[in-house]
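Just below is one structure, and these are the notes that go with it.
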Amino acid sequence: MKVFVLSNEGKPLMPTTPRRARVWLKAKRARVVLQGPFTIRLRFATRQHVQPAKVGIDTGSKVVGTAAIANGEVVFQAEVHLRDDIAEKMTRRRQHRRNRRARKTRYRAARYDNRRRPDGWLPPSLHSKAEATVKSVHFIASFLPVGRVTVEVGRFATQRMQNPDIAHLEYQQGDLQGYFLREYILEKWQRRCAYCGAREVPLEIEHIVPKSRGGSNRASNLTLACHACNQRKGQQTAAEFGFLDVQAKARVPLKDAAHVSSLKSRVVQNLQAVFGESQVSITYGYETRYKRIQGLGLPKSHANDTVAIACEIGEVVKPLEMVHQIRCLGRGHYQRFNGLHSEHKCWAPHKVRGFKLYELVKAKGGVGYIAGRREKGAFVIKDVPGGKKLLEFTPRKLVRVVRPTQGWMITRQPVLNSISKEGGASSHS
Ligand SMILES: [Zn+2]
1 MKVFVLSNEG KPLMPTTPRR ARVWLKAKRA RVVLQGPFTI RLRFATRQHV
51 QPAKVGIDTG SKVVGTAAIA NGEVVFQAEV HLRDDIAEKM TRRRQHRRNR
101 RARKTRYRAA RYDNRRRPDG WLPPSLHSKA EATVKSVHFI ASFLPVGRVT
151 VEVGRFATQR MQNPDIAHLE YQQGDLQGYF LREYILEKWQ RRCAYCGARE
201 VPLEIEHIVP KSRGGSNRAS NLTLACHACN QRKGQQTAAE FGFLDVQAKA
251 RVPLKDAAHV SSLKSRVVQN LQAVFGESQV SITYGYETRY KRIQGLGLPK
301 SHANDTVAIA CEIGEVVKPL EMVHQIRCLG RGHYQRFNGL HSEHKCWAPH
351 KVRGFKLYEL VKAKGGVGYI AGRREKGAFV IKDVPGGKKL LEFTPRKLVR
401 VVRPTQGWMI TRQPVLNSIS KEGGASSHS
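Counting in the working numbering, the sequence shown runs from 1 upward without gaps.
This is the structure we're talking about:
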């Protein structure tokens with residue numbers, strides 16, 4: 001574990017050991033500026049030599065993974081839980097607005113179709129996700145000197161698919177090319193058995209003309225099969241097995257199918273605008289997988305994937321045991337009344353007994369966050385991971401754990417050993 005350090009001017013320096021940080025803090029040569037991740041700011045001037053950290057971003061629509069590697073060591077890992085309530089909230093707001101207009105300005109002529117969307121417009125739900133992803137890199141840059149940023153944008157390189165030579169690439173298990181081809185074949189055969197159409201079963205890479213009968217390792221001779229079909233086919237070719245069309249389809253290379261989503265390309269654009277075009281590079285799932293399995297020897301998990309994205313081919317690093325969990329929050333709401341006829345006032349002051357929404361507190365032996373404040377001094381406490389209501393009570397004393405930072409609720413959690421099954425195909429023939 002490392003402690004992050006800012007210079008006396010507030011610029012990020014290289015992280016240090018907890019021991020040294022403790023010495024500085026005790027001698028009043030530094031002060032704490034952030035609890036999670038623990039960051040101190042020096043009170044004395046130092047020479048500022050930094051080696052920029054490498055940052056990896058695993059984009060997603062629900063959870064974004066980030067990892068930072070400095071001095072050949074993973075120093076920070078986080079999972080950012082994006083907001084998914086935006087579309088719903090906007091729908092509700094729209095309904096209220098329409099209702100109100102129908103009520104208050106009954107005879108106003110309809111005005112519609114009078115808005116123009118600027119170039120590069122994204123729906124608000126996606127906009128929020130893109131912004132939060134970029135923000136997570138900004139966040140890392142606030143306590144670490146950030147150099148190269150690598151973003152995973154898709155499963156495999158789309159541009160390379162245009163290349164007609166793909167059909168002639170050789171499949172080789174355990175090298176980068178092999179990982180690319182495997183992803184390519186999975187995509188081409190739509191992740192289902194070419195013979196029985198089974199999905200969601202373990203699929204194997206299958207030689208249409210078996211290797212024992214002179215079949216090649218090229219993409220044009222490969223397809224997917226479930227284990228049962230592969231066994232039944234045995235030493236037959238696909239044509240002999242009764243599937244002439246499979247043989248014909250294999251010869252046609254896949255046309256451009258997967259495209260980088262608007263969300264991901266927006267993230268890359270925005271990062272390039274801030275950190276410089278040469279510093280931001282993109283990567284693909286097959287490369288990540290290759291680095292994770294061949295280089296790092298790690299099982300599949302969100303956190304491990306992110307570490308693999310951040311590191312380079314051939315680099316060996318160890319993931320952290322604690323991952324920061326960051327939850328994106330709304331910044332308050334406008335609701336003033338509730339009830340069937342809006343008969344209940346429902347606003348509590350911004351602060352109730354000094355506490356705001358989303359602060360982490362200790363209450364009755366557990367830790368939760370404040371999900372609601374009542375005027376009379378009661379609080380609704382909810383569970384952090386699931387958002388389940390723990391209790392509603394009027395405390396004698398409430399102990400604050402941490403306040404939200406920059407619209408985020410940040411907690412730390414040990415990595416769960418949830419090893420998900422490796423998706424995709426293994427080679428058997
Ligand atoms: Zn099958």
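The beta carbon of each residue, even a glycine, is placed where N, CA and C say it ideally should be.
Quiz item: Thinking C-beta only, is A68 closer than 8 Å to L144?
Solution: yes
- request: Can you give me the Cβ contacts of G377 inside the same chain, cut-off strictly under 7 Å, excluding the 5 residues immediately before and after it?
  value: V352, R353 and T394
Return yes when the C-beta of A238 is under 7 Å from any heavy atom of ligand 2, and no when it is not. The model on display carries ligand 1 but not ligand 2.
> Count the other CB atoms within 10 Å of the CB of F243; is the residue buried (16 or more) or exposed (fewer)?
Replying inline: buried
May I ask you to list the residues that DSSP assigns as paired with R100? Per DSSP, none; premise fails for R100.
| request: Take V280 and list the residues in its own chain whose beta-carbon comes closer than 6 Å to its own, dropping the five residues that flank it on each side. | output: V149, L271 and Q272
| message | Quick check on the DSSP output: the alpha helix (DSSP H) that includes A194 runs from which residue to which? | response | Neither: A194 is in no alpha helix (DSSP H) and is coded neither H nor E.
Requested in this report: With a cut-off of 5 Å, give the chain-ordered residues whose Cβ is closer than this to any heavy atom of ligand 1.
Outcome: C193, Y195, C196, A198, C226 and C229
Helix, strand or coil for A425? Go by DSSP, reduced to three states. Its pLDDT being 48, under 50, A425 is placed unreliably in this model, and the coordinates cannot settle the point.
_Tell me which residue opens and which closes the alpha helix (DSSP H) that C328 is part of._
Unbroken run through C328 is the beta strand (DSSP E), M322 to C328; no alpha helix (DSSP H).
Give a yes or no on whether the C-beta atoms belonging to K62 and D85 are separated by under 8 Å. no
May I have the straight-line CA-CA distance separating F180 from V80, to the nearest angstrom?
-> 28 Å
Do H207 and G215 come within 8 Å of each other at the CB atom, strictly closer than that value?
yes
Cβ contact (3+ pairs, closer than 8 Å) linking the stretch 284–294 and the stretch 19–38 = no
**Item:** Buried versus exposed, by CB contacts within 10 Å (16 or more), S128
**Value:** buried
### Task
Would you mind reading off the limits of the alpha helix (DSSP H) that contains K26?
P18 to K26
> What is the rounded straight-line gap between the Cα of N221 and the Cα of Q236?
Replying inline: 13 Å
Practice item. Starting from the N-terminal side, write out each stretch of the alpha helix (DSSP H) that is 4 residues or longer and does not extend beyond the stretch 230–293. Key: 244–251, 262–275 and 285–290
Q) Going by C-alpha distance, which of I293, A110, A78 and I40 is nearest D58? A) A78
From R108 to R92, what distance separates their C-alpha atoms?
22 Å
Please say whether P52 and V137 have beta carbons closer to each other than 8 Å? no
### Message
Among K188, S278 and V317, whose alpha-carbon lies nearest the alpha-carbon of L296?
### Response
V317
**Asked** Alpha carbon to alpha carbon, what distance is there between K54 and R262?
**Response** Before going on, a small fix: residue 262 reads as Ser here, not Arg. So the alpha carbons of these two residues sit roughly 25 Å apart.
- request: Could you tell me which of F379, A225 and I309 sits nearest to G368, measuring between CA atoms?
  value: F379
Exercise for the section: Mind the definition here: the stretch 310–324 touches the stretch 383–399 only if three or more C-beta pairs lie below 8 Å; say whether that holds. Expected result: no
- Message: Taking its Cβ as the centre, do 16 or more other Cβ atoms sit within 10 Å of Q406, making it buried, or is it exposed?
- Response: exposed
Checklist entry - If you run the structure through DSSP and keep just helix, strand and coil, what is E183? => result helix
L391 and A371: beta carbons closer than 8 Å?
no
Which same chain residues end up closer than 8 Å to C196 when comparing Cβ atoms and leaving out the 5 residues on each side of it in sequence? C226, A228 and C229
What are the boundary residues of the alpha helix (DSSP H) that T133 is part of? P124 to A141
Query raised in the report: Exposed or buried, which one is R373 when buried takes at least 16 other CB atoms within 10 Å?
Result: buried
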